[in-house]
Amino acid sequence: MIPSVMALKRLLNKTVDTGCEQAIRWHSLFTVSPPCSMLCTRTATSMQTRNRVYVKYYIHSWTRWKCTPRKRGHGQTDLKLHCLTCMMKSWLRIKRLNDETAQRTTPTETNVIPTMNHKLTQEQEKQLCSLLGNVKLSLLFKASIYGYTGAAFHQKCDHQGPTVSVGYNSTGFVFGGYTSKDHDVAKQGQYIQDDKAFLFSLTGRNPVRYPVTNAQYAVKMHNTTGPYFGEALLLMNANTATVISIPGKYYNFNAAEMHGNNLNLTECEVYKVEEGGNIIEKPWRTILWKAERRKELMDSVKLYRPMISSVGQARVLLIGPVGAGKSSFFNSVNSIFRGHVTSQAISGSSGTSLTTQFRTYSVKAGRDGKPLAFILCDTMGMEEATGAGLDVDDISSILKGHVPDRYQFNPSVPLQADAHGFRQSVKLHERIHCVVYVMDTCKVSIMSTKLEEKLVAIRRRVNLLGIPQLVLLTKVDEACPCVANNLRNVYNSQYIKTKAQEVSGRLGLPMSCIVPVKNYSEELELDMSCDILLLSALIQMLRFADNYFDDVNDQEKHD
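Going by full-length UniProt numbering, the first residue of the sequence shown is number 1, and it counts up by one from there.
Listed below in structure tokens is the structure:
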């Protein structure tokens with residue numbers, strides 16, 4: 001039975017608004033609308049509006065059907081049948097729309113989706129992103145909601161690309177692993193090769209990273225487990241909230257340090273890892289990426305001479321946390337002028353400073369060339385703990401020129417005026433003329449309060465001596481995947497700019513004093529783009545040293 005117009009109007013009043021997307025989807029089904037209805041359809045913003053269109057069209061068709069003579073030839077009969085067909089199509093669409101609406105407004109157990117709130121704190125997320133670089137994390141799986149089963153894990157996490165899995169236990173440890181490869185239960189029992197995989201612990205203030213030692217066995221697929229990293233770490237073993245931990249099985253780590261030997265999970269989460277992808281069209285700093293520019297910069301450094309004749313070489317002091325890349329910066333600059341990658345200064349990865357002496361390094365113009373007119377001074381790395389790393393009082397002695405080359409630092413006792421080797425009488429050429437804070441871009445956001453306080457205290461002492469300062473942002477390629485793909489994106493990266501702004505705010509230095517670079521670390525050959533960044537930073541240091549010499553000249557004239 002075809003419903004009356006009043007029945008349709010009553011039905012229309014019950015329609016529930018479900019949004020523009022549903023309206024557009026139903027428009028694709030309604031293909032027989034007259035032009036006026038098409039206009040209404042395109043401007044509709046809800047299912048309610050869509051039903052109103054269908055009712056109007058039904059009324060229009062019903063009226064034409066009622067007014068068309070029954071016996072007036074073949075044409076009228078065709079029109080009558082056409083109107084009836086349109087009425088039926090309109091009615092079927094209205095009924096189907098409202099049936100779907102009723103289902104949506106009466107939820108059942110099958111369509112109620114629990115809300116997933118990630119357990120990872122904001123601070124822990126910062127720590128994790130310091131290991132992953134410029135990425136976005138999207139929660140895919142939460143065991144407390146979907147269950148501690150391999151089936152649930154693979155259903156939510158297979159074929160999602162790079163993921164990071166996070167386990168939590170009752171003693172407060174947060175740990176897990178990262179893989180850049182897909183999880184895939186179809187590869188049951190197989191190992192997945194991944195040279196980028198690593199395990200981690202976020203329990204301490206600084207995150208700890210444990211890289212894979214045999215990439216061929218980085219990740220394993222199994223249908224009754226959760227994330228399975230080699231044979232070393234398995235979250236949700238045999239469909240239970242437990243962990244299997246075997247240090248040394250393709251990953252080296254300390255079990256007590258990672259999870260406190262507590263193998264019972266209170267939660268397991270898996271996050272999809274996506275690139276930040278924030279390349280801006282207009283670079284925030286202009287730089288010329290050409291071989292000619294590299295040559296110009298090298299020539300400028302070779303021709304540089306301090307503005308004061310009594311000073312043969314400008315002295316630049318490198319200060320920064322352990323592992324930030326102070327020694328690596330000297331090695332990188334030295335490599336450029338040697339024509340190949342070198343490693344004269346001790347550098348590498350360690351929890352404590354590899355540099356334990358005060359060292360002054362000259363750079364030669366070629367293997368047999370003369371020393372260039374600058375000296376890079378390397379110091380012990382800074383640490384947040386009291387009595388560890390470089391002491392603030394030692395910094396003052398270095399700035400004033402009292403500390404000789406190869407002085408052995410003692411973190412617990414700063415250099416005293418009566419100590420052996422302490423320079424009592426200091427000349428201008430022995431002082432520091434420019435101070436450079438070397439900061440790891442990946443760790444800017446997780447810099448501890450104590451470390452920041454140490455840097456601020458150093459800044460005050462440097463300011464009192466009137467020494468120009470700038471910041472060297474290292475490891476920009478590790479911080480941003482866009483820069484890792486192409487180093488020339490460094491000034492097109494919104495992420496790197498954001499980190500530069502963050503350092504600027506935390507240390508109280510203007511953006512013009514923040515210079516991003518990439519040191520040579522794993523390369524065997526020189527790279528033009530890398531050289532241009534390094535040389536540009538070095539030129540800026542020499543310009544700042546000249547600013548110091550200008551102040552000295554002005555002061556002498558005033559006196």
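Glycine is no exception: its CB is placed at the ideal position from the N, C-alpha and C atoms. Only a predicted model underlies this, so the values are computations on that prediction, with no experimental measurement involved.
Own chain, CB closer than 6 angstroms to residue i, minus 5 neighbours either side, in chain order
i	result
Ala-545	Ala-314, His-433 and Cys-434
Lys-142	Met-116 and Glu-269
Thr-224	Gly-150, Ala-238 and Asn-239
Lys-364	Pro-371
Neighbour-count burial assignment, residue i, 16 or more Cβ in a 10 Å radius
i	result
Gly-528	Rather than Gly, the amino acid found at residue 528 in this sequence is Met. Under this definition Met-528 is an exposed residue.
Glu-292	exposed
His-159	exposed
Glu-452	exposed
His-420	exposed
Arg-543	exposed
Gln-190	exposed
Leu-533	buried
Asn-463	exposed
Val-515	buried
Arg-460	exposed
Ile-319	buried
Ile-398	buried
Residue i (DSSP reduced to helix, strand or coil)
i	result
Ala-256	helix
Ser-448	coil
Cys-480	coil
residue 560	Residue 560 cannot be examined here, being either before or after the span of the chain that is shown, 1 to 559.
Gly-167	strand
Ser-309	coil
Ser-504	helix
Asn-214	coil
His-159	coil
Phe-198	strand
Gln-469	strand
Gln-494	helix
Asp-394	helix
Ile-145	helix
Glu-296	helix
Thr-242	strand
Arg-72	Caution applies to Arg-72, whose pLDDT of 47 falls short of 50 and renders its modelled position unreliable; the model cannot decide the point.
Glu-275	strand
Thr-360	strand
Gln-408	strand
Ile-532	helix
Lys-220	strand
Rounded distance between the beta-carbons of residue j and residue i, thought under 8 angstroms
i	j	result
Asn-169	Thr-242	Actually they are not in contact, since the Cβ atoms of Asn-169 and Thr-242 sit about 10 angstroms apart, beyond 8 angstroms.
Val-490	Val-471	At roughly 15 angstroms, the Cβ-Cβ gap does not stay under 8 angstroms, so Val-490 and Val-471 are not in contact.
Val-316	Leu-376	5 angstroms
Phe-229	Gly-167	With 8 angstroms as the limit, Phe-229 and Gly-167 do not qualify as a contact, their Cβ atoms being about 11 angstroms apart.
Thr-356	Gln-408	6 angstroms
Ile-279	Ser-138	Ile-279 to Ser-138, Cβ: 20 angstroms. No contact.
Gly-226	Leu-235	4 angstroms
Met-382	Pro-321	5 angstroms
Val-219	Ile-192	4 angstroms
Cys-530	Leu-487	6 angstroms
Nonlocal neighbours in the same chain, by C-beta distance under 7 angstroms from residue i, ignoring five residues either side
i	result
Met-511	Ala-500, Gln-501 and Ser-504
Val-426	Lys-400, Gly-401 and His-402
Gln-124	Val-174 and Leu-202
Cys-157	Leu-140, Phe-141, Thr-163, His-183 and Val-270
Asn-547	Pro-468
Contact test: residue i Cβ vs the ligand ATP heavy atom, cutoff 8 angstroms
i	result
Leu-263	The ligand ATP is absent from the structure shown, which contains no ligands of any kind.
Close beta carbons around residue i, own chain, < 8 angstroms, minus the five adjacent residues each side
i	result
Glu-478	Gly-133, Thr-441, Cys-442 and Ala-484
Asn-214	Gly-230 and Tyr-250
Gly-369	Phe-337
- Item | Any alpha helix (DSSP H) of 4 or more consecutive residues that is wholly inside the stretch 312 to 350 | 326 to 338
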